[in-house]
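Heads up: the structure comes next, in structure tokens.
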Amino acid sequence: MPHETIGESRPRAHGKEIDPDREVLVHTGGTEAILSAITAFIEPEDEVIVLEPAFNLHNPLGKVFSVEELLAIGNICLQHAIVILSDKVYERLYFTPSYTRIATLNRTIARNTFTVSSVEKAFNVTGWTVGYVIGDESPIKHVQLAHIILGYTTAGPAQEAAAVGLEEADRQGFWEANKQHMESRMRSICSILHKLGLPVKLFHVVTHEMGYALPPSRA
Ligand SMILES: Cc1ncc(COP(=O)(O)O)c(C=O)c1O
Numbered sequence: 001m002p003h004e005t006i007g008e009s010r011p012r013a014h015g016k017e018i019d020p021d022r023e024v025l026v027h028t029g030g031t032e033a034i035l036s037a038i039t040a041f042i043e044p045e046d047e048v049i050v051l052e053p054a055f056n057l058h059n060p061l062g063k064v065f066s067v068e069e070l071l072a073i074g075n076i077c078l079q080h081a082i083v084i085l086s087d088k089v090y091e092r093l094y095f096t097p098s099y100t101r102i103a104t105l106n107r108t109i110a111r112n113t114f115t116v117s118s119v120e121k122a123f124n125v126t127g128w129t130v131g132y133v134i135g136d137e138s139p140i141k142h143v144q145l146a147h148i149i150l151g152y153t154t155a156g157p158a159q160e161a162a163a164v165g166l167e168e169a170d171r172q173g174f175w176e177a178n179k180q181h182m183e184s185r186m187r188s189i190c191s192i193l194h195k196l197g198l199p200v201k202l203f204h205v206v207t208h209e210m211g212y213a214l215p216p217s218r219a
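Using the UniProt record's numbering, you'd call the opening residue of the sequence shown number 1 and step up by one each time.
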């Protein structure tokens, strides 16, 4: 995917203008992006803190963290030299009035953060396997080395299509339209589950604020 497109669609991604050639890596989906970042930084015996339920446990949490919560997390990570891997694959699909990426809070936190995005999640096209990571030049080089071994490259035609999609989505107001579309589909599914007497509440313990998972019971 032309990296310039990502740079343009994220004018101030990490608290500054990003350099598309040095601070963006295209991956074979968010999954490979996360794997590359983990491979780059985690050694045997290292400790990893995962907010559960996490992605491979079905990600039903759907929580949007407030600025205050993100600042608290970011500062704790800085104090303890913890690298932040910010999985933002649903960054275009939030149902709250606003949405903050931790890497936009300030430059100190941004320097310590990798932000993972997924084109397939942004466009509801899981299977396209195009994603990307944004991070500062010096640390992201390590992710690039891992990516060369794990994924090497991502299909050129899919990258081109993704780039056109990102440009057109901004131009045509796709993000907002898609949010409304997906929210209405989720509400329809919930209402069907209610009619069938299935306890939608069981799938959700906290307020659903983003992503594909079902919202809490409105019954
Ligand atoms: C929270 C979360 N992160 C990452 C991924 C992986 O993204 P991708 O489908 O682009 O590999 C998923 C996929 O379901 C997900 O739900």
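Backbone N, C-alpha and C fix where the C-beta goes; we use that ideal spot for every residue, glycine too. For clarity, every value in this text was computed on a predicted model and none was experimentally measured.
> Ordered along the chain, which non-local residues of its own chain (more than five positions away) have a Cβ less than 7 Å from that of N106?
Replying inline: G15
>> Run through the DSSP bridge pairs and tell me what L85 is partnered with.
In response: F114
> When DSSP builds the beta bridges, which residues end up paired with Y94?
Replying inline: M210
>> For I84 and K195, what's the separation of their Cα atoms in angstroms?
In response: Distance between the alpha carbons of I84 and K195: 42 Å.
> Helix, strand or coil: how does DSSP classify V130 here?
Replying inline: Looking at V130 - three-state DSSP - the assignment turns out to be coil, as it is neither helix nor strand.
> Taking the alpha-carbon positions, what's the V67 to N124 distance?
Replying inline: 27 Å
> Can you tell me where the alpha helix (DSSP H) with H27 in it begins and where it stops?
Replying inline: Not the alpha helix (DSSP H): H27 falls in the beta strand (DSSP E), residues V24 to H27.
> Taking I82 as the reference, which of L193, I73 and L145 has the closest Cα?
Replying inline: I73
> Does the distance from the CB of H27 to the CB of G131 come in under 7 Å?
Replying inline: The Cβ-Cβ distance between H27 and G131 falls below 7 Å.
> Would H147 be called buried (16 or more neighbouring beta carbons within 10 Å of its own) or exposed?
Replying inline: Per the 10 Å Cβ criterion, buried.
>> Within 10 Å of its beta-carbon, does S36 have 16 or more other beta-carbons around it, so buried, or fewer, so exposed?
In response: buried
> So which of I34, H181, T104 and H80 has the shortest CA-CA distance to A54?
Replying inline: Minimum Cα-Cα distance from A54 among the listed residues I34, H181, T104 and H80 corresponds to I34.
> Which term fits K88, buried or exposed, when burial requires 16 or more other beta carbons within 10 angstroms of its beta carbon?
Replying inline: Buried: at least 16 other Cβ atoms inside 10 Å.
> Under 6 Å from any heavy atom of ligand 1, does the C-beta of D21 make it?
Replying inline: no
> Does DSSP put residue 260 in a helix, in a strand, or in coil?
Replying inline: Because the chain spans 1 through 219 in this model, residue 260 falls outside it and cannot be assessed.
> Hey, is G29 close to ligand 1, as in C-beta under 6 Å from one of its heavy atoms?
Replying inline: Yes.
>> Between S191, W128, T113 and I18, which has its C-alpha nearest G156's C-alpha?
In response: W128
>> Taking 6 Å as the cut-off, is the beta-carbon of S118 closer than that to any non-hydrogen atom of ligand 2?
In response: You won't find ligand 2 in this model; what it holds is ligand 1.
> Can we count F41 as close to ligand 1, meaning its CB is less than 6 Å from some heavy atom?
Replying inline: no
> Can you tell me the Cα-Cα spacing of K141 and V24, whole angstroms?
Replying inline: 10 Å
> In chain order, what residues of the same chain have a beta carbon less than 7 Å from the beta carbon of R22, not counting five sequence neighbours either side?
Replying inline: E137
> When we look at the beta-carbon of Y90 and count the other beta-carbons within 10 Å, is it buried (16 or more) or exposed?
Replying inline: With at least 16 other beta carbons inside 10 angstroms of its own, Y90 counts as buried.
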